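Quick notes on the structure that follows.
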Amino acid sequence: MKTTLPLFLTIATLLSSVGFAQDHEEKETELYASMERMDDAYKDLRRAMRGASDENKASYLELADVMLKEATDSKKLVPEKVKKLPEAEQEKMLEEYNRQMDGLISAVEAIRNALEKGDYGTANTMLRELRGIKSEGHDTFKED
Ligand code: HEM
């Protein structure tokens, strides 16, 4: 009898942590994680543009490259909202998703070009304009 309680507690703990891992996994999709990495680089780059100088250009290009990589990876993934649609509607929505993601990728490429040229004013304006692309994407494809 003495040994059953610790054993029971161990099993209960194990089972609840498995349950937690599953809940967690459901929310943090691959797309979600990629978006978060893109957002971190986006925020860092916007902050860096406040006192931008050629001295730090390499680090700006690195942040733009992180954004490009995550946008390109995100394009290959499927939003949860689309997965839950009837199959007949999925193809059309995925086409729209690809179209919007291509828009995001081109915009980040243009930002990278401006950074490369040392045109930080233009880069800054274009970074602000990404907000429109982001909200259109989120309005259409993020679950409520
Ligand atoms: C600069 C551009 C973007 C940034 C910084 C960004 C950032 C984020 C962040 C931080 C999340 C996590 C949830 C949250 O905090 O809201 C997220 C989720 C999401 N984003 Fe974006 N996003 C961008 C553009 C887009 C675009 C263009 C699309 C669609 C075409 C999109 C589709 C989604 C979807 C579908 C989710 C939910 C994840 C899922 O369904 O698994 N995002 N995004």
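According to our numbering, the residues represented by the sequence shown are 1 to 144, in order. Virtual Cβ for every residue (Gly too), placed ideally from N, Cα, C. If you're wondering where the values come from, they're calculated on a predicted model, not measured in any experiment.
Nearest-angstrom Cα separation, counted from ASP119 out to LYS27: Position 27 of the sequence shown holds residue 27. Position 119 of the sequence shown holds residue 119. Spanning the alpha carbons of LYS27 and ASP119 requires a straight line of approximately 39 Å.
Given MET35 as reference, the closest of LYS75, LEU61 and LYS84 once Cα atoms are compared: The residue you call residue 35 lines up with position 35 of the sequence shown. The alpha carbon of MET35 has as its nearest neighbour, out of LYS75, LEU61 and LYS84, the alpha carbon of LYS75.
Delimiting residues of the alpha helix (DSSP H) encompassing LYS69: Translated into positions along the sequence shown, residue 69 becomes position 69. Start and end: 57-75.
Neighbourhood of MET49 by C-beta distance below 7 Å, restricted to the same chain and skipping five residues each side: As a working note, residue 49 is residue 49 in the sequence shown. The residues are TYR120, ALA123, ASN124 and LEU127.
Buried or exposed by the 16-neighbour rule on C-beta atoms within 10 Å, applied to ARG99: For the purposes of this step, residue 99 is taken as the residue at position 99 of the sequence shown. Burial call: exposed.
Distance between LYS81 and MET93 (C-alpha atoms, nearest Å): In the sequence shown, counting from the first residue as 1, residue 93 sits at position 93. In the sequence shown, counting from the first residue as 1, residue 81 sits at position 81. For MET93 and LYS81, the distance between alpha carbons rounds to 10 Å.
Element boundaries [alpha helix (DSSP H), containing ASP102]: Here residue 102 corresponds to residue number 102 of the sequence shown, with the count starting at 1. Taken as a continuous stretch (DSSP letters only), the alpha helix (DSSP H) holding ASP102 covers 87-116.
Assigned secondary structure, VAL78 (DSSP; H/G/I helix, E/B strand, else coil): Start at 1 with the first residue of the sequence shown, and residue 78 comes out as number 78. If DSSP states are grouped into helix, strand and coil, VAL78 belongs with coil.
Distance between ASN56 and TYR32 (C-alpha atoms, nearest Å): Taking the first residue of the sequence shown as position 1, residue 32 is located at position 32. Taking the first residue of the sequence shown as position 1, residue 56 is located at position 56. Straight-line Cα distance between these residues: approximately 29 Å.
Minimum C-alpha distance to VAL108 - residue among GLU62, VAL78 and SER53: The count along the sequence shown starts at 1 and reaches residue 108 at position 108. If we check each option's Cα against that of VAL108, GLU62 comes out closest.
Euclidean distance between Cα positions of ASP44 and TYR60: Reading the sequence shown from its first residue, position 44 is the one you call residue 44. Reading the sequence shown from its first residue, position 60 is the one you call residue 60. Rounded to whole angstroms, ASP44 to TYR60 spans 9 Å at the Cα level.
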